[in-house]
Amino acid sequence: MNYNIAVIPGDGIGPEITAEAVKVLDAVAAKYGHEFNYTEVLLGGASIDVHGIPLTDEAIETAKASDAILMGSIGGDAKTSPWYQLEPSKRPEAGLLKIRKALNLFANLRPAYLYSELKDACPIKGAEDFNMIIVRELTGGLYFGERKTEEVDGVMTAVDTLSYNENEIRRIAIKAFEIAMKRGKKVISVDKANVLDTSRLWRKVVEEVAEGYPEVTLEHMLVDNCAMQLVHNPAQFDVILTENMFGDILSDEASMCTGSIGMLSSASLNETKLGLYEPSHGSAPDIAGKGIANPLATILSAAMMLRYSLDLDEEADAIEAAVKKTIEAGYRTVDIAKEGEAWLGTKEIGDKIVEFI
Ligand code: IPM
Ligand code: MG
């Protein structure tokens, strides 16, 4: 079969890691007799440099017309990059928020699991195996509420608005319960219902949705407690369902529990088959261009893309198995290598994945 994939290399290490994911996809195409056609799309700083804005309407159209979108990472060093001299709505991150909203990518799935071979890299002493997925609402909440900075009675004042309606909560809750049905059948919904109205509505709607899934157990957890539980006992989690900002924070925390943020993939989905797939990590400008970035999160994101957008389950399994074999065979990038242990560069680890495929 033929598939059209929009590729957003982005900024920092983005181009290096997406190149490896494309290399792996080509190996999959060769093995299974598919053809992947790639169209490059500019987003973030890469788009600012060419068009003066982080995402053009043409770029959105190209993305919409594709079967799936594979992305590296966007953004630069806020202290030194000229992108951050621009007003906030023109900076790289604004482009990412714009594409999420334009494509209605409301469901952000971020799996986090511990490879037993990488236990030493896990900062939690004696951590049990864990395997969780964070289901983060991605197009509402504080990220998309009205904001302003102005002088009120001679005092500079900034306002960000946190709002959710029941429909936004319901559709992401349904996503989480559907996913839970295919996994451990346990949803922990994370909120701050002891303080926020949005969280109280969140609880109410999530409980209504839960009634449709009697096999799934539902627990509510306050976000501060969840932050603590993630490092105390990550094995208790199966599906974490939460709103945009809490999900942003908790997914970084969960990812570090796996030993390296360089291992975690993500999918951002809407109601159709189209999705955007990107590593959970950022653009790491400090190591960009050095050829040492870990491409595994992007390669695993490509596997999620095959599974969720293209319905190529066997091919997705092949990528995940190749990553597992690479780790089991002892190949590491520098972020997951033990002190003094030999490690491979970005391209070399990509080559290993291709070999195992
Ligand atoms: C993420 C990132 C983004 C977010 C930034 C780059 C806007 O941190 O995808 O988690 O906060 O959603
Ligand atoms: Mg984040």
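All residue numbers for the sequence shown refer to the numbering used here, where the first residue is 17 and numbers rise by one. Don't be surprised by glycine CBs; every beta carbon is placed ideally from N, CA and C. Source: prediction; values computed, not measured.
Got a sec: does the ligand MG put a non-hydrogen atom nearer than 6 Å to the Cβ of residue i?
i: D207; result: no
i: D264; result: yes
Say the cut is 6 Å; is the CB of residue i nearer than that to a heavy atom of the ligand IPM?
i: E166; result: no
i: E269; result: no
i: E259; result: no
i: E109; result: yes
Can you name the residues that DSSP bridges to residue i?
i: N20; result: N53
i: Y129; result: N147
i: K164; result: V175
i: T258; result: R152, V206
i: M383; result: For the chain, the structure presents residues 17 to 373; residue 383 sits outside this window and is missing.
i: N124; result: R152, S284
i: S89; result: G26
i: A84; result: I21
i: G291; result: L285
So residue i packs on residue j, CB below 8 Å; how close in whole Å?
i: I308; j: T274; result: At roughly 19 Å, the Cβ-Cβ gap does not stay under 8 Å, so I308 and T274 are not in contact.
i: L59; j: I115; result: 6 Å
Tell me, please, whether the region 84-91 touches the region 18-28 by the rule of three or more beta-carbon pairs shorter than 8 Å.
yes
Three-pair Cβ contact test at 8 Å for the region 29-44 versus the region 65-74
no
Do three or more CB pairs link the region 143-160 to the region 184-204 at distances below 8 Å?
yes
Below 8 Å, how does it come out for the region 142-149 and the region 352-362: are there three or more Cβ pairs, yes or no?
no
Contact between the region 330-340 and the region 308-319 (3+ Cβ pairs under 8 Å)
yes
Is the region 299-306 in contact with the region 214-223, if contact means three or more CB pairs nearer than 8 Å?
no
Under 8 Å, with one C-beta from each stretch per pair, do the region 254-264 and the region 281-288 reach the 3-pair mark?
no
Inter-stretch contact (C-beta, 8 Å, three-pair minimum) for the region 204-216 and the region 226-246
yes
Okay, do the region 244-256 and the region 104-124 touch, 3+ Cβ pairs below 8 Å being the bar?
no
Quick one: any contact between the region 99-106 and the region 238-248, if contact means 3 or more CB pairs under 8 Å?
no
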